[in-house]
Amino acid sequence: MSKIRTRLFQSWFRLSRPMTLGVRAAVENEAGHVFLVRHTYMRGWFMPGGGIERGEPALDALRRELVEEAGVKLVTEPRLVSVYSNHHNFPNDHVLFYRVPWGSWEPAKATSRGEIAETAWVNPAAPPEGVTHGTRLRLEELYGGLPVSPYWAPRT
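Numbering of the sequence shown is given in UniProt numbering, commencing with residue 1 and proceeding in unit increments.
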């Protein structure tokens with residue numbers, strides 16, 4: 001009976017408190033620039049990444065998203081920078097943020113179909129107009145000395 005009760009509680013908990021998890025990465029080129037994307041379905045410039053599928057390990061999701069959106073194939077394991085709460089965007093959402101330095105990836109054919117409107121290699125100290133708040137904060141943390149926040153993009 002306790003096994004049934006435990007299973008029911010676990011099922012209720014998952015339904016009542018679903019969590020979403022995503023990955024993003026600062027992919028760096030030889031010049032120290034960072035790769036950004038503009039999606040066709042959202043406004044602003046983002047670092048490449050996306051959602052982790054059910055049963056998919058985070059690194060596999062990152063590998064998949066980098067090939068899809070950036071044409072970047074990891075050849076070494078990236079460094080996890082931090083895990084961020086993204087609750088302002090979606091309740092109980094979290095983002096794992098990685099740094100992918102030059103030399104840890106190689107070019108590949110981007111496989112995204114219609115999802116990416118534009119891509120750019122940008123100076124992290126001078127991101128383009130329209131960069132999202134969360135992306136700007138991550139760039140300032142990695143390259144400008146801003147302390148790491150627990151929030152992807154806190155409400156302002």
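Beta carbons: idealized from backbone N, C-alpha and C, even for Gly.
Same chain only: Cβ atoms within 7 Å of residue i, ignoring 5 sequence neighbours per side
{"i": "serine 104", "result": "Leu74, Val75, Thr76, Pro78"}
{"i": "serine 82", "result": "Phe97, Val148"}
{"i": "glutamate 28", "result": "Val34, Val100, Pro101, Trp102"}
{"i": "glutamate 53", "result": "Ala61"}
Nearest candidate by alpha-carbon position, reference residue i, set the options
{"i": "proline 48", "options": "Gly32, Glu115, Glu30", "result": "Glu115"}
{"i": "threonine 40", "options": "Arg113, Thr20, Asn29", "result": "Arg113"}
Spatial neighbours of residue i in its chain, beta-carbon cut-off 6 Å, leaving aside the 5 residues before and after
{"i": "glutamate 106", "result": "Lys73, Val75"}
{"i": "valine 131", "result": "Trp45"}
Contacts around residue i, its chain only, beta-carbon distance under 8 Å, and the 5 residues preceding and following it disregarded
{"i": "aspartate 60", "result": "none"}
Euclidean distance between Cα positions of residue i and residue j
{"i": "serine 85", "j": "arginine 155", "result": "12 Å"}
{"i": "glycine 50", "j": "phenylalanine 97", "result": "11 Å"}
{"i": "glycine 32", "j": "proline 91", "result": "34 Å"}
{"i": "glutamate 140", "j": "proline 150", "result": "14 Å"}
{"i": "proline 101", "j": "leucine 142", "result": "12 Å"}
{"i": "histidine 88", "j": "alanine 153", "result": "7 Å"}
{"i": "valine 37", "j": "glutamate 56", "result": "23 Å"}
{"i": "leucine 137", "j": "methionine 42", "result": "18 Å"}
{"i": "threonine 111", "j": "threonine 119", "result": "14 Å"}
{"i": "histidine 133", "j": "proline 127", "result": "11 Å"}
{"i": "alanine 25", "j": "histidine 94", "result": "14 Å"}
{"i": "valine 23", "j": "arginine 64", "result": "10 Å"}
{"i": "glutamate 129", "j": "lysine 109", "result": "27 Å"}
Exposure label - residue i; buried when at least 16 CB within 10 Å
{"i": "leucine 62", "result": "buried"}
{"i": "glycine 144", "result": "exposed"}
{"i": "isoleucine 4", "result": "exposed"}
{"i": "phenylalanine 13", "result": "For phenylalanine 13, the pLDDT reaches just 47, beneath the cut-off of 50, and the residue's location in the model is therefore unreliable, although a value from the coordinates is still provided. Exposed, since its Cβ has fewer than 16 Cβ neighbours within 10 Å."}
{"i": "leucine 66", "result": "buried"}
{"i": "alanine 125", "result": "exposed"}
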